[in-house]
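Read through the structure below, which is laid out as structure tokens, and then see the notes.
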Amino acid sequence: MSTDVAQSTHAYTQDPRNDNILIYINGEFYPREKAMVSVFDSGYILGDGVWEGLRVHHGRIAFLPQHLKRLYEGAKAIDMDIGLSKDELTEALYDTLQANQMQDGVHIRLM
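Take the sequence shown: its position 10, counted from the start at 1, is 290 in this note's numbering, and no numbers get skipped.
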């Protein structure tokens, strides 16, 4: 019998840079172990939502205007209010990078 196990699409490599990460949720920063989303959140109950995967290179988020355009268009398509303007969201993203002292080689899952 083979002991090979197929790789899951959810497989990832632990990155020690994320051990003490601060996560931005609704205007506040939370340590990793306290970052929670309500079980009543529609993303949890209904499985609806939009997200973008962003990369940071030399302190700048690559292709940010294009990512935000897709994010807001996707949210509109499912009648979701992101709750922040594009400028406010951009500020929150850079505040999060600064709070975590991240400048390069960073992947952001914007949800």
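Even for Gly, the Cβ is constructed at its ideal location relative to N, Cα and C. Since the model is a prediction, treat every value here as computed from it, not as a measurement.
Just so you know, the alpha carbons of Gly307 and Tyr324 end up roughly 20 Å apart. By the neighbour-count definition (other C-beta atoms within 10 Å, threshold 16), Val336 is a buried residue.
Under the three-state reduction of DSSP output, Gly323 falls in the helix class.
Here Trp331 is not near Leu373, since their CB atoms are 7 Å or more apart. Rounded to the nearest whole angstrom, the CA to CA distance from Leu351 to Ala357 is 10 Å.
Put simply, the backbone Cα of His290 is about 15 Å away from that of Gly333. A direct Cα-to-Cα measurement between Met382 and Thr370 gives close to 15 Å. CA-CA distance, Glu313 to Ala379, rounds to 16 Å.
Distance from the CA atom of Arg340 to the CA atom of Gly385, rounded to whole angstroms, is 11 Å. Counting of Cβ neighbours within 10 angstroms places Leu344 among the buried residues, the total reaching 16 or more.
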